[in-house]
Amino acid sequence: MVPFQKKSYWQKLQQYRLPLALIFFLLLCTTVWIDGYLYPGSNLIGLYLLNFVLAGIVFWRSMALQMISAALLTCFYYYFAPFRSPHISVIFFNGLTYLLATLSISYAIRYHRREKENTLNLTLVLAKSLDARDKYTAFHSENVAMYAYRIAKEMGLSQKSCERIYLGGLLHDIGKIGVPESILTKPSKLTEEEYAIVKQHPSIGYEMVKHISLFRNNGVLDAILYHHERYDGKGYPKGLAGEEIPQVARIMAIADSFDAMTSRRGYRAQTDIHYAVREIRKNKGTQFDPVIADVFLQIVEREGEDILSRREETVRLPNQDKGTHLR
3 MVPFQKKSYW QKLQQYRLPL ALIFFLLLCT TVWIDGYLYP GSNLIGLYLL NFVLAGIVFW
63 RSMALQMISA ALLTCFYYYF APFRSPHISV IFFNGLTYLL ATLSISYAIR YHRREKENTL
123 NLTLVLAKSL DARDKYTAFH SENVAMYAYR IAKEMGLSQK SCERIYLGGL LHDIGKIGVP
183 ESILTKPSKL TEEEYAIVKQ HPSIGYEMVK HISLFRNNGV LDAILYHHER YDGKGYPKGL
243 AGEEIPQVAR IMAIADSFDA MTSRRGYRAQ TDIHYAVREI RKNKGTQFDP VIADVFLQIV
303 EREGEDILSR REETVRLPNQ DKGTHLR
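Counting from 1, position 182 in the sequence shown corresponds to residue 184 in this note's numbering; the numbering is continuous, with no gaps.
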């Protein structure tokens, strides 16, 4: 399974819920020890507030645990307080305030996750709607995303980078939504005018999604805009060359070309994997980054034609409920 979501600060914290729960328990015990025995009579409200914040992060899924944590912390705070214990109503309302602070943190986490998931679901809808326009390119976006992810993993890139590249693969051709279907599905060779229209799709795609905050500064926009650039500078739309082309786009170029060559098209039959390998090897240093091309060729050499069947693997979104999958 290949996750592809960009993980935010909150999501990284959630990934380590068990260690954080242990930290919360240790911090709570330490706070009680400091307040009751090490520095008795001190007002340690700042330390208690840290406990409330951590409780909101650790127990964001359970309101009951948040309430229990807030109640315990409030009781400990007033039990060890250096001043005379206030009226019970004061304790109650202060405890309620602390609970609301904890709940606010957990709500912020849930809201952030929901917004991320909604954006990712929109991404999948866009990718699937694009692929559905042409029966010959069905699953092309997901195939390219899978190949690009495999290349990134083989290159030793971080998990975050691999997930971003996967997302870029899903959206790399999104600009083709703005290309007439009669051109996309034309069974014969395109005219120069038609090809000029097709060449606009990277720029169209970039303009379509550049305002979506999730895709800024994470390489997705680069994958969309530059995946047809060539290593020798003869590509489009900007004519970038070599390492002027963002790494994510250099990876995408190989993944895109390989899937195009090994999939059936309306104007030609499916070619075999050996032809695709020869073409990639022949175009190292001209169309493709030679280093990245060698990385992908190593994968193909190791797996052979099995790499084509792996395109059918199920991909599960990290934030979606169990049972909800891509493909």
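Virtual Cβ for every residue (Gly too), placed ideally from N, Cα, C.
Alpha carbons only, please: which of Pro248, Tyr168, Gln249, Tyr277 is nearest the one belonging to Ala262? Of all alpha-carbon atoms in Pro248, Tyr168, Gln249, Tyr277, the one lying nearest the alpha-carbon of Ala262 is that of Tyr277.
Considering only residues of the same chain and omitting the five flanking positions on each side of Leu67, which have a CB-CB separation below 7 Å? Here the set comprises Phe61.
Hey, how far is the Cα of Arg304 from the Cα of Arg283? So the alpha carbons of these two residues sit roughly 16 Å apart.
Using DSSP with H/G/I as helix, E/B as strand and the rest coil, what is Phe260? Phe260 falls in the helix class under three-state DSSP.
Which one of Ala243, Phe27, Ile256, Leu24 has the shortest CA to CA distance from Ser151? A quick correction: the sequence has Tyr, not Ser, at residue 151. Checked all of Ala243, Phe27, Ile256, Leu24; the closest Cα to Tyr151 is Ile256.
Can you have a look at Pro248 and say buried or exposed, based on whether 16 or more other CB atoms are within 10 angstroms of its CB? With 16 or more other Cβ atoms within 10 Å, it is buried.
Return the Cβ separation of Val297 and Ile167 in integer angstroms, given the expectation that the two are a contact with Cβ distance under 8 Å. That pair is no contact at about 13 Å.
If I measure Cβ to Cβ from Met69 and keep anything under 8 Å in the same chain, skipping five residues before and after, which residues do I get? If we look at Met69 and ignore the five residues flanking it on each side, its Cβ neighbours are Leu101.
In terms of alpha-carbon separation, which member of Asn120, Asp308, Phe26, Ile199 lies closest to Ile185? For the set Asn120, Asp308, Phe26, Ile199, the Cα lying nearest the Cα of Ile185 is the one of Ile199.
Assigned exposure category for Ile107 - 16 Cβ within 10 Å defines buried: With 16 or more other Cβ atoms within 10 Å, it is buried.
Need the endpoints of the alpha helix (DSSP H) that Asp308 sits in, please. From DSSP, the alpha helix (DSSP H) with Asp308 extends over 308 to 311.
Would you mind stating whether Ile176 and Gly207 have Cβ atoms separated by less than 8 Å? With a cutoff of 8 Å on beta-carbon distance, Ile176 and Gly207 are scored as near each other.
Could you tell me which residues DSSP puts in a beta bridge with Lys286? In DSSP, Lys286 forms a bridge with Phe290.
So, Val250 versus Ile275, is the Cβ gap smaller than 8 Å? No, these two residues do not count as a Cβ contact at 8 Å.
Which of the three DSSP states, helix, strand or coil, is assigned to Asp224? DSSP places Asp224 within a helical segment (H, G or I) once states are collapsed to three.
Nearest neighbour of Asn179, chosen from Leu49, Asp234, Leu132 [CA to CA]: Sequence check: residue 179 is Ile here, not Asn. Of the listed residues, the one whose Cα sits closest to Ile179 is Leu132.
Quick check: the region 200 to 219 against the region 236 to 243, are at least 3 beta-carbon pairs closer than 8 Å? They touch, by the three-pair rule.
For Ala150, report the span of its alpha helix (DSSP H) as first-last. Run containing Ala150: 142 to 156, per the alpha helix (DSSP H) assignment.
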